[in-house]
Each structure stands twice: as C-alpha cells, then as structure tokens.
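Asker: Residue numbers (the numbering used here): -9 to 300. Idealized CB from N, CA, C, for every residue including glycine. Please read through the structure below; I'll follow up with questions.
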Ligand code: SF4
C-alpha cells in the first residue's frame, strides 16, 4: 500500500510534508551516545534548500509551502516534518514549544517527528500523545538495519532491540509509527536484506521507508567503500534492474498493512562519492517497480508467510 494513498484517504485530500529543521543536534555526534555519527551520515544531504535552522520555524513552514507550490505541488493538507537531526533530543519543555509552534500553525494539519529509537522517553511520549488528540502526529524512527552486527559496524549506537521497544512504546500511545531502513549497508547481502523483512513486519509499523545506500563524500563510509568494495552489494556492477528486483522481493515479503513511503533516495549528486543508482527520479523508479511487480503477477505481501530461501 502506498503511503500517499493511505494519507489521502485519511485526510480526504492531497497531503504534502514540509521538511523543517529545528536545529536539533544528534547524540551520536556530540558524545552522549558516540562521536563522529553514523558512518554513512552527511546531514546536509537530507535538507531541502528552504530548510535552514537559522530561519524561524514559522518562516520555514511558509517558505516550504512556497517551495512546493512553485514546483506545481498543490496540496489540501500540510504536515510539518522534523527531519534533520534527532528531533526528540532536547528537554521536554523546549520540545513542547517547538512542536506547538509547528502544529498550531493554521496551515498545518499534523506533525511527523524524525528521531532515533534510543532518544525517546515517557515524558516525550506524553507530549506527543497529547498533541495527537488534536492533530495527526507520527514518529519516524531511523532504524536502518534489523541486524545488530550491521548497526555496530555503521556506528549507529543502538541495537535492534532498542528499535523494537521504541516502536511498541510509541504505538501504545496511539501515535502513528514509521521506520527508515537503508538497503545495502556493508556486510548485508541480498538474502540478508530480504530475510530481514520478517523482522520489520514484526515491529508493528504503520509506514516504512527504504532507500538504497548512498555513499557521501568525506564520510567514514566512503573510506570503507574504497577499502572493501566487496562488502557492498552496490559494488561490482549492481545495476538499476538488480535494485528493482530486490525492491520487488522486499515488497513481496512486506506485510501489506504497512504503508510504503519511499523506495529510493535522491541525494544531490555533488554530495555523492559514488552514485549508487543515482540519476533516476523517484516517480520513474516507482513506475518501474509497479511494472516489475505486475510482470511477476505479484502484490505486496504475497510471499510474506513463505519465508525466504534465496
Ligand atoms: S544518521 Fe542521524 S543518528 Fe546518525 S549521525 Fe546522522 S543525524 Fe545522527
């Protein structure tokens, strides 16, 4: 099920997310959890141009609306999306004022908070639950991998158990929960990736985002890729068709109750060290996946209970 369709049904019109930067830092950079951050991370890659923390939140919302209108993306409803950094990494009073400023804006119909699974507390969940009584609220956790060995290797600073707990505590508050996964992290082969979908299903998510690993310039991941390219599925001639086939396999094993928001990342090319499938637009990619699924006679979840045997 496509996330856009789910949101349109829920709201009764077209919904547009507005990425907002509240200037949050990250515990995996400032030493609370770790230093240096996740080995793949280049925060700049995730922020659209209108989204700069020096501008007030209200101004960012207004610029974001103009940004999308200028590109012909009209919407009936707008949702503020705290995307960059760890958007629960602040004391609850300051978070409350940030969330309030966004969600109380008359043009805004909801709030999505992107964060790490190890950065949630009952106090913050109280706050989100309360806000959810008036408007749509969701939390999007960066989980990235279901395998602890991978999470350790990319210096993520939390394990998969932490993600299981965060998702279940958030769901218990009646708040929607999504998660983000990177396809092709080092050490994970095709079989690992598809077999891992059963663990994603067990989380009880409302929505999910997948995207291919993109390797950014001047990151620890760039060095690792240079030294050990064979540890990456996207090395050695992995082509767009291979990724489409992999995505089809992921979708076929994915619970049909989970809305799929994204399958491809489109970072600015100048930030990329190696262009893992760069150049294709998301809507073009989506069309190719739909066509490939049709050609297989497949639908989301049709292999969910069949396990994965490669
Ligand atoms: S990916 Fe997220 S958690 Fe990791 S270093 Fe970047 S901002 Fe921090």
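Output needed for residue 80: all residues of its chain with C-beta closer than 7 angstroms, excluding positions within five of it in sequence on either side, in chain order.
Answerer: So the list reads 14, once near-sequence residues are dropped.
Asker: Any heavy atom of the ligand SF4 closer than 7 angstroms to the CB of residue 168?
Answerer: Because no heavy atom of the ligand SF4 lies under 7 angstroms away, the Cβ of residue 168 does not count as near it: no.
Asker: Starting from residue 105 and walking both ways along the beta strand (DSSP E), at which residues does that stretch end?
Answerer: It spans 98 to 105 - the beta strand (DSSP E) in which residue 105 sits, taken as one unbroken run.
Asker: Can you give me the start and stop residues for the alpha helix (DSSP H) that residue 24 sits inside?
Answerer: Neither: residue 24 is in no alpha helix (DSSP H) and is coded neither H nor E.
Asker: Using 8 angstroms as the threshold, is the stretch 62 to 72 in touch with the stretch -3 to 10, meaning 3 or more CB pairs across them?
Answerer: Judged by Cβ distances under 8 angstroms, the stretch 62 to 72 makes contact with the stretch -3 to 10, as three or more pairs qualify.
Asker: Would you say the beta carbon of residue 19 comes nearer than 7 angstroms to a heavy atom of the ligand SF4?
Answerer: Indeed, a heavy atom of the ligand SF4 lies less than 7 angstroms from the Cβ.
Asker: On the CB-based measure, 16 or more other CB atoms within 10 Å of its CB, does residue 64 come out buried or exposed?
Answerer: With fewer than 16 other Cβ atoms within 10 Å, it is exposed.
Asker: Does the beta-carbon distance from residue 207 to residue 255 come in below 8 angstroms?
Answerer: No. Outside cutoff.
Asker: Can you tell which of 192, 176 and 6 has the C-alpha that lies nearest to the C-alpha of residue 211?
Answerer: Residue 211 has its Cα closest to that of 176, out of 192, 176 and 6.
Asker: Using beta-carbon positions only, say whether residue 47 and residue 102 come within less than 8 angstroms of one another.
Answerer: It is not a contact, given that the beta carbons lie outside the stated cut-off.
Asker: Among the candidates 278, 293 and 75, whose CA atom is the shortest distance from the CA of residue 230?
Answerer: Measuring from the Cα of residue 230, the nearest candidate turns out to be 278.
Asker: What did DSSP end up calling residue 251 once you bin it into helix, strand or coil?
Answerer: Strand.
Asker: Looking at the ligand SF4, does it come within less than 7 angstroms of residue 132, judged from the CB to the closest heavy atom?
Answerer: Result yes, Cβ under 7 angstroms from the ligand SF4.
Asker: Can you determine whether any heavy atom of the ligand SF4 sits closer than 7 angstroms to the C-beta of residue 75, and answer yes or no?
Answerer: Within the cutoff, so yes.
Asker: Indicate whether residue 128 and residue 165 have their beta-carbon atoms separated by less than 8 angstroms.
Answerer: It is a contact, given that the beta carbons lie within the stated cut-off.
Asker: Please report the straight-line C-alpha distance between residue 137 and residue 82, rounded to a whole angstrom.
Answerer: So the alpha carbons of these two residues sit roughly 31 angstroms apart.
Asker: Quick check on residue 130: buried or exposed, where buried means 16 or more other Cβ atoms within 10 Å of its Cβ?
Answerer: Classification of residue 130: buried, given that the 10 Å Cβ count is 16 or more.
Asker: Would you report the Cα separation of residue 355 and residue 114, rounded to the nearest angstrom?
Answerer: The question about residue 355 has no answer here: the residues shown for the chain are numbered -9 through 300.
Asker: Please tell me whether residue 132 and residue 168 are closer than 8 angstroms, where the distance is taken between their beta carbons.
Answerer: Contact: no.
Asker: Can you tell me the Cα-Cα spacing of residue 171 and residue 161, whole angstroms?
Answerer: Taking the straight line from one Cα to the other gives about 19 angstroms.
Asker: Is the CB-CB distance between residue 147 and residue 108 below 8 angstroms?
Answerer: It is a contact, given that the beta carbons lie within the stated cut-off.
Asker: Less than 8 angstroms between the beta carbons of residue 179 and residue 202, yes or no?
Answerer: Cβ distance not < 8 angstroms, so residue 179 and residue 202 don't count as in contact.
Asker: Indicate, with yes or no, if the ligand SF4 has a heavy atom lying under 7 angstroms from the CB of residue 27.
Answerer: At least one heavy atom of the ligand SF4 is nearer than 7 angstroms to the Cβ of residue 27, so yes.
Asker: When the distance is taken between beta carbons, is residue 110 closer than 8 angstroms to residue 51?
Answerer: No; because the gap between Cβ atoms is not below 8 angstroms, this pair is not in contact.
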